[in-house]
Each structure stands twice: as structure tokens, then as C-alpha cells.
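J.:
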Amino acid sequence: MPILSPAVSINLSPSTPVCDGDLITVFSNSVHGGSNPSFQWFVNNQPFGSGQDSLTAVFNDGDVISLVFTSSYQCLTNPTDTSNILTTVVLPNLTPLIAITVNPQGPVCPGDLLNFSASTTHAGTAPVYQWLLNGAAVGGNNPFLNSFGFADGDIIEVILTSSETCVTSPNATSNSIPVQISPNITPDVNIAVAPLGPICVGDLLSFTATFTGGGLTPSFNWRVNGVTTGLTGNTFSSTTLQNGDNVDVVMTSSAFCALPVRDTSNQIPAIVNPLLTPTVFISANPSGQFCDGAEITYSASTTNGGLFPSFQWLLNGNGVGVNSDTLVSSLFLNSDTLQIQLTSSETCLALNPVSSNLIIIDRLPPLDPFIIAPDEICEGKEVTLEVQAIGGTGGPYYFNWDNGLGQGTSYTFILDQTTTYTVTVSDSCSTPRDASKTITVNLLPEPAFVIEPPQATILNPYFDFIDASVNTTTWQWDFGDGQSTTLQNPSHTYLEPGTYAIQLIATSEKGVWTVLVQNSLLKMW
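Start counting the sequence shown at 47; every next residue gets the next number (the working numbering).
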């Protein structure tokens with residue numbers, strides 16, 4: 047028998063890397079093993095297996111496998127042979143993962159571009175992506191999905207098919223992202239002004255913006271005639287607007303999905319009236335100097351008085367007349383001053399009220415007749431009446447007496463009773479005036495008396511003088527014997543019989559007196 051040398055080699059099946067948990071079969075190729083060779087497998091230099099010519103097991107990555115082959119042939123140079131060494135390549139089982147994100151995040155507006163991007167783990171070098179929109183396949187085999195056409199509530203996800211060799215599952219489904227599409231908001235801004243209607247130069251106009259769709263922090267750009275003012279609040283006030291200036295505001299909305307972002311309000315024209323200065327001028331008709339009693343019409347002419355002006359006439363600074371632009375009077379006196387105050391009803395006034403020019407009344411003095419005559423005379427005395435006059439045109443004057451005297455200027459006559467005389471004087475234009483004079487006629491006293499008793503005796507030498515005078519208030523007695531008294535009814539005693547001249551002077555209350563002398567024979571025995 048020849049002397050042989052046993053030989054053995056081993057190989058793996060499969061020969062490519064395997065996955066964790068996969069079975070690997072190690073096959074042996076031997077020669078000169080005889081009829082009953084033996085096999086001792088070693089894994090990581092440790093005996094392993096059951097002595098078969100092949101070994102099937104689950105190996106770990108990097109396990110070192112070898113085989114010691116022992117031949118049963120009799121004529122051997124060496125009964126054993128050690129195989130080549132193989133190192134297992136066991137790949138771990140990977141779990142593919144995929145997650146998606148969207149840019150921008152959160153709600154977007156209709157028509158906005160959404161970019162979905164996938165990030166993967168263990169996708170391999172040639173992964174396959176299948177994007178799903180509400181469960182339906184969309185898009186291409188890409189790690190991203192871009193679109194403008196999503197609707198609110200759409201659900202986006204993607205399925206990853208990994209190209210890795212060893213995976214726990216070939217497919218992985220990403221997280222789901224709901225699409226949030228906010229509706230478009232249309233901003234709208236309008237402005238109002240206060241006060242409404244026309245204002246005056248220098249008055250304050252205030253504009254206020256009301257709006258919808260402005261968001262939480264809208265901004266405003268107030269404009270006058272299209273030129274920005276720099277004011278950004280929701281109100282705008284000015285005292286310098288000119289008539290016809292147009293005011294509006296441009297609002298920039300801060301609302302999400304505002305479309306358009308800006309809105310321009312209505313325009314409001316400023317109606318600014320100029321400041322007017324009212325004037326008033328008065329004139330007299332007829333003008334110039336006028337006669338006493340003439341009726342004069344005073345008229346006011348105005349500018350900028352408005353539709354409903356009010357007037358106050360002032361005579362010597364004091365109110366007269368009624369609220370009218372005309373005043374008619376015949377009573378104003380010479381040198382009186384007349385003026386009118388106008389209160390305009392216009393809304394925009396530089397000055398109100400205003401006063402007119404001043405008219406100084408040039409009136410001829412009233413006729414002033416006066417009668418020259420005594421206030422009182424004694425009964426039976428002659429009296430002279432004379433009339434004179436001043437004022438008016440200065441003459442000539444015309445006189446007309448009552449009591450039938452006529453039209454003369456002087457009369458002399460005897461007046462027997464108290465009488466009032468009136469004369470009316472006139473000239474060419476004045477109101478006639480009267481003068482009156484009362485001449486009081488003082489009646490003469492009428493002295494009279496009675497003596498009682500007509501005779502006296504020595505035993506009763508007394509006489510009573512009993513006054514019987516008329517129109518008498520004081521008495522002066524002279525008894526003819528050198529004795530006198532002022533008693534009204536005196537008593538007197540004569541010492542000697544005889545004839546005595548008894549005198550009574552009777553005086554009236556006006557001082558008129560009359561003397562009565564009576565010779566009486568007074569006897570005593």
C-alpha cells in the first residue's frame with residue numbers, strides 16, 4: 047500500500063455575507079481519509095459540532111472556523127490535516143426607519159409651497175420611496191415631495207423600502223403629517239371723519255380707521271393726497287388740512303394668509319371753509335340834518351352775515367329796537383349816537399360779532415315856545431301875554447293861541463278869573479309844540495264887620511267887633527282911639543264917648559288887601 051498524506055479544505059455556503067440568524071453550512075473537501083475518517087470542527091479554536099463532514103449552524107460575525115481531519119487510512123505520512131481557516135461575515139439585522147418633516151411647519155396659506163423631506167436610517171444605498179397622499183401613491187422615488195396643491199387636512203406619509211441586505215423588515219412607514227391650510231383672509235379698511243361736514247380753517251379733523259382682516263398687529267400708513275404722513279396708528283388728526291385735501295389710509299394686515307396683504311381705504315375729502323370777517327354798515331334815509339319829529343329810516347347793509355344774522359341797534363351804547371336790519375324812529379335827539387351790532391350766522395368767522403360805523407344824530411332842536419306873563423295878578427288888574435320861541439329852523443315861527451286870542455305874539459287885557467292860555471308854535475318842518483301859561487287871578491278881600499251892641503253904658507263899656515269879611519285870612523283893626531289888634535273878632539272898650547273912625551284892613555291869603563273905614567258914633571251913658 048502506498049503511503050498517503052490526508053488533506054482537507056473547507057468552504058462556506060453561502061459564501062457571501064449572511065444575515066444575523068441565518069444558517070451557514072461549512073462543507074469539507076478531503077482526500078485520503080480512508081473508510082472512516084473523523085472530523086473535528088473548531089469555532090474560535092473551540093471544538094464545535096458533531097463530527098460530520100459538514101457543519102450547519104448560526105454563526106456570529108467574525109467567528110473563525112477550522113477543521114481537523116483524521117484519516118482512517120493505514121499508510122499515512124501524517125494521520126491528520128488541518129483545513130484552511132474561514133472567518134464568517136455575519137451582517138446584523140437592521141430595522142429601517144424613516145421620518146418626514148415639512149417646511150414650512152405649521153399652517154400655510156392656499157397655494158403655498160410645502161416641502162416634505164424624508165430622513166432615513168438603514169435605508170441602504172438604493173432605497174425606494176413611495177409617498178402617500180391620504181393613502182394614495184403620489185410623487186416619485188425621491189426622499190422629498192414638493193407641491194403647491196395640497197388641501198387642508200391632507201395626510202402625507204411615505205413608505206421606505208430599504209436596500210440593505212439584512213433588515214428586520216424591508217419596509218418602513220414614516221410618521222404622518224397633516225397638512226394645515228388656513229383660508230385666505232381679505233383685509234378691508236374704511237375710514238370715518240369727525241366732525242362730519244365742513245369745518246373752519248384751523249379746526250381739528252379726526253379720522254378713524256375701522257377694519258376687518260387686519261390681524262393682531264396691523265399697521266397703517268395715513269396719506270394726504272397720496273403722500274404719506276408718517277403716522278401709523280389707526281387714527282389721524284390734523285388742524286392743517288386744506289380744503290379739498292383727500293385723506294386715506296393703507297392698512298398692512300398682520301393676519302395669516304392675508305390676500306392681498308394691503309388694503310387702501312375710502313378717500314374722504316376735507317371740506318375746510320375759510321375764516322370770514324363779517325361787516326356791517328348803516329345809513330340814514332333821508333341822510334344829513336333833519337327836522338324835529340321827522341321819521342328817519344336807518345338801514346344796515348352786511349357782508350358775510352350768513353342766512354340768519356341777528357342785529358342789535360345801540361343808541362348811545364344802549365340796546366334799542368328789535369332784531370332787524372332796519373330801524374325807524376322820529377325820537378332820536380341831536381348828538382345821539384347810533385350803531386348796530388351784527389352777529390353773523392356763518393360758521394367760520396374770524397370775528398363775531400362786529401359793530402358798524404357810528405352815526406351821530408344831526409337833528410334840529412325841537413321847537414321851544416315860551417310865554418312871558420305873570421304867574422298871578424290881582425283881580426281887576428291889566429295883564430300882558432307875550433310868546434317867544436327858539437329851536438326848529440330858527441324861524442320864521444307861526445303862532446296859534448287858544449281862547450280865541452288869534453295868531454299874534456302879544457296881548458294886553460284885564461283878566462277877571464284864573465285862566466290857562468296855550469299857544470301852538472310851528473315852523474316850516476318841525477313838529478308843532480305847545481306852551482301853556484296859567485295866570486292865577488287873586489280875588490280882592492271884602493272887609494265888613496258888625497258892632498255889638500250899637501251903644502254901651504258906663505257900667506258895660508264894651509263893644510264886640512264881629513268880622514263879616516269875605517276872602518280874608520288876616521285882619522288889621524284900628525279902633526280910632528290909638529288902639530289896634532289883629533284878632534278876627536276883637537272886643538274893645540272906649541274910655542270916652544264920641545264918634546270914632548274905625549278902620550279894618552282885610553288881607554287875602556295871596557297878600558291882597560282892602561281897607562274899610564267906618565265912622566261910627568259910639569255913645570256911652
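Where is the CB? At the ideal position from N, CA and C, for every residue including glycine.
From a predicted model like this one, the values you see are computed outputs, not experimental measurements.
Taking the beta carbon of Trp-571 as the centre, do at least 16 other beta carbons fall within 10 Å, making it buried, or is it exposed?
T.: Indexing the sequence shown from 1 puts residue 571 at position 525. Because Trp-571 carries a pLDDT of 48, less than 50, the predicted location of this residue cannot be relied on, and the following value inherits that uncertainty. By the 10 Å Cβ count, Trp-571 comes out exposed.
J.: Return the first residue and the last residue of the beta strand (DSSP E) that Thr-372 is part of.
T.: One-based indexing of the sequence shown puts residue 372 at position 326. Taken as a continuous stretch (DSSP letters only), the beta strand (DSSP E) holding Thr-372 covers 372-375.
J.: Does DSSP classify Ala-481 as helix, strand or coil?
T.: Translated into positions along the sequence shown, residue 481 becomes position 435. If DSSP states are grouped into helix, strand and coil, Ala-481 belongs with the strands.
J.: Suppose the cutoff is 7 Å on Cβ atoms and the five residues either side in sequence are ignored; what does the same chain contact list for Thr-455 look like?
T.: Here residue 455 corresponds to residue number 409 of the sequence shown, with the count starting at 1. Once the five neighbours on either side are set aside, the close Cβ partners of Thr-455 are Glu-432, Val-433, Phe-445.
J.: Determine the direct distance from the alpha carbon of Tyr-508 to that of Pro-493, and round the result to whole angstroms.
T.: For the purposes of this step, residue 493 is taken as residue 447 along the sequence shown, with counting starting at 1. For the purposes of this step, residue 508 is taken as residue 462 along the sequence shown, with counting starting at 1. Each residue's alpha carbon lies about 22 Å from the other.
J.: Can you tell me whether DSSP reads Ser-209 as helix, strand or coil?
T.: As a working note, residue 209 is residue 163 in the sequence shown. If DSSP states are grouped into helix, strand and coil, Ser-209 belongs with coil.
J.: Compute the Euclidean distance between the alpha carbons of Phe-354 and Ser-391, then round it to the nearest angstrom.
T.: Counting from 1 along the sequence shown, the entry for residue 354 is found at position 308. Counting from 1 along the sequence shown, the entry for residue 391 is found at position 345. Cα to Cα, Phe-354 sits roughly 5 Å from Ser-391.
J.: With three or more beta-carbon pairs closer than 8 Å as the criterion, would you say the stretch 205-222 touches the stretch 69-81?
T.: Flag = no, the stretch 205-222 and the stretch 69-81 do not touch.
J.: Since Asn-230 and Leu-277 should fall inside the 8 Å C-beta cutoff, what is the C-beta to C-beta distance between them, to a whole number of angstroms?
T.: Along the sequence shown, read from residue 1 onward, the residue named residue 230 stands at position 184. Along the sequence shown, read from residue 1 onward, the residue named residue 277 stands at position 231. Actually they do not touch by this definition, with Cβ atoms about 29 Å apart.
J.: Provide the residue span of the beta strand (DSSP E) that contains Ile-49, from first to last.
T.: Here residue 49 corresponds to residue number 3 of the sequence shown, with the count starting at 1. Here Ile-49 belongs to no beta strand (DSSP E), and DSSP marks it neither H nor E.
J.: Can you say whether Asn-280 is buried or exposed, counting buried as having 16 or more other CB atoms within 10 angstroms of its CB?
T.: Start at 1 with the first residue of the sequence shown, and residue 280 comes out as number 234. Flag for Asn-280 reads buried.
J.: For Val-307 and Thr-232, what's the separation of their Cα atoms in angstroms?
T.: In the sequence shown, residue 307 corresponds to position 261, counting from 1. In the sequence shown, residue 232 corresponds to position 186, counting from 1. Approximately 8 Å between the Cα atoms of the pair.
J.: What is the DSSP secondary structure of Gln-151, counted as helix, strand or coil?
T.: For the purposes of this step, residue 151 is identified with residue 105 of the sequence shown, where counting begins at 1. In this structure, Gln-151 counts as coil in the three-state DSSP scheme.
J.: Between Tyr-175 and Ala-164, is the Cβ-Cβ spacing less than 8 Å?
T.: Position 129 of the sequence shown, counted from the start, is the residue given in the question as residue 175. Position 118 of the sequence shown, counted from the start, is the residue given in the question as residue 164. Yes, these two residues count as a Cβ contact at 8 Å.
J.: Given a cut-off of 8 Å on the beta-carbon distance, is the pair Ser-252 and Ala-240 in contact?
T.: The residue given as residue 252 occupies position 206 in the sequence shown. The residue given as residue 240 occupies position 194 in the sequence shown. Yes, the pair counts as a contact, with Cβ atoms nearer than the cut-off.
J.: Which word fits Pro-244, buried or exposed, when buried means at least 16 other C-beta atoms lie within 10 angstroms of its C-beta?
T.: Here residue 244 refers to the residue found at position 198 of the sequence shown. Exposed, since its Cβ has fewer than 16 Cβ neighbours within 10 Å.
J.: Going by C-alpha distance, which of Ala-169, Ser-284, Leu-379 is nearest Ile-405?
T.: Residue 405 sits at position 359 when you count from the first residue of the sequence shown. Comparing Cα-Cα distances from Ile-405 to each of Ala-169, Ser-284, Leu-379, the minimum goes to Leu-379.
J.: For the stretch 313-320 against the stretch 286-296, do three or more pairs of beta-carbon atoms, one drawn from each stretch, fall closer than 8 Å, so that the two count as touching?
T.: Yes, the stretch 313-320 is in contact with the stretch 286-296.
J.: Return helix, strand or coil for Thr-133, following the three-state DSSP convention.
T.: For the purposes of this step, residue 133 is identified with residue 87 of the sequence shown, where counting begins at 1. Note: Thr-133 maps to strand in three-state DSSP.
J.: Which same chain residues, not among the five before or five after Asn-488, have their C-beta less than 6 Å away from its C-beta?
T.: The sequence position of residue 488 within the sequence shown is 442, counting from 1. Excluding positions up to five away in sequence, the list reads Glu-422, Cys-424, Lys-556, Val-558.
J.: Taking the beta strand (DSSP E) that Arg-409 belongs to, which residues open and close that run?
T.: On the sequence shown, position 363 is the one that residue 409 refers to. Here Arg-409 belongs to no beta strand (DSSP E), and DSSP marks it neither H nor E.
J.: Name the DSSP bridge partner or partners of Ala-145?
T.: Within the sequence shown, residue 145 is the residue found at index 99, counting from 1. In the DSSP output, where bridge partners are listed per residue, Ala-145 has Ser-165.
J.: So what's Leu-58 in DSSP terms, helix, strand or just coil?
T.: Indexing the sequence shown from 1 puts residue 58 at position 12. Strand, per DSSP.
J.: Excluding the 5 residues flanking His-538 on each side, which residues of the same chain have their C-beta closer than 6 Å to its C-beta?
T.: Along the sequence shown, one-based indexing puts residue 538 at 492. Only Phe-509, Phe-525 meet the Cβ criterion.
J.: Is it true that the stretch 137-148 meets the stretch 58-67, where meeting means three or more beta-carbon pairs spaced less than 8 Å apart?
T.: Counting Cβ pairs under 8 Å, three or more are found: they touch.
J.: Which residue comes first and which comes last in the beta strand (DSSP E) that contains Tyr-119?
T.: Translated into the one-based positions of the sequence shown, residue 119 becomes position 73. Unbroken run through Tyr-119: none, as it is neither H nor E.
J.: So, helix, strand or coil for Met-570, using DSSP?
T.: One-based indexing of the sequence shown puts residue 570 at position 524. Confidence is the limiting factor: at Met-570 the pLDDT is only 48, short of 50, which leaves the residue's position unreliable, though a coordinate-based value still follows. Looking at Met-570 - three-state DSSP - the assignment turns out to be strand.
J.: Taking all protein chains shown into account, decide if Asn-350 is buried (16 or more other Cβ within 10 angstroms of its Cβ) or exposed.
T.: One-based indexing of the sequence shown puts residue 350 at position 304. Counting Cβ neighbours within 10 Å, Asn-350 comes out buried, since at least 16 surround it.
J.: Return helix, strand or coil for Ile-227, following the three-state DSSP convention.
T.: Here residue 227 refers to the residue found at position 181 of the sequence shown. Of the three classes helix, strand and coil, the one that applies to Ile-227 here is strand, per DSSP.
J.: Quick test of your reading: Pro-264 and Ser-300, contact by CB under 8 Å. State the CB separation rounded to the nearest angstrom.
T.: By 1-based counting over the sequence shown, the position of residue 264 is 218. By 1-based counting over the sequence shown, the position of residue 300 is 254. Their Cβ separation, rounded to whole angstroms, is 5 Å, which keeps Pro-264 and Ser-300 in contact under 8 Å.
J.: When you compare only the Cα positions, how much space is there between Gly-339 and Thr-393?
T.: One-based indexing of the sequence shown puts residue 339 at position 293. One-based indexing of the sequence shown puts residue 393 at position 347. Approximately 42 Å, taken between the alpha carbons.
J.: May I have a chain-ordered list of the beta strand (DSSP E) segments no shorter than 3 residues that lie completely inside the stretch 333-405?
T.: Counting whole runs of 3 or more residues, the stretch 333-405 contains the beta strand (DSSP E) stretches 342-349, 356-361, 364-366, 372-375, 383-389.
J.: From what residue to what residue does the beta strand (DSSP E) around Ser-100 run?
T.: Sequence index remark: in the sequence shown, residue 100 carries index 54 (1-based). Looking at the DSSP string, the run of the beta strand (DSSP E) that includes Ser-100 is 100-104.
J.: Roughly how many angstroms lie between the CA atoms of Gly-334 and Leu-410, to the nearest whole one?
T.: On the sequence shown, residue 334 is found 288 positions in, with the first residue counted as 1. On the sequence shown, residue 410 is found 364 positions in, with the first residue counted as 1. Cα-Cα distance, rounded: 11 Å.
J.: Whole angstroms is fine: what's the gap from Leu-179's alpha carbon to Ile-201's?
T.: Residue numbering aside, residue 179 sits at position 133 when the sequence shown is read from its first letter. Residue numbering aside, residue 201 sits at position 155 when the sequence shown is read from its first letter. So the two alpha carbons sit approximately 6 Å from each other.
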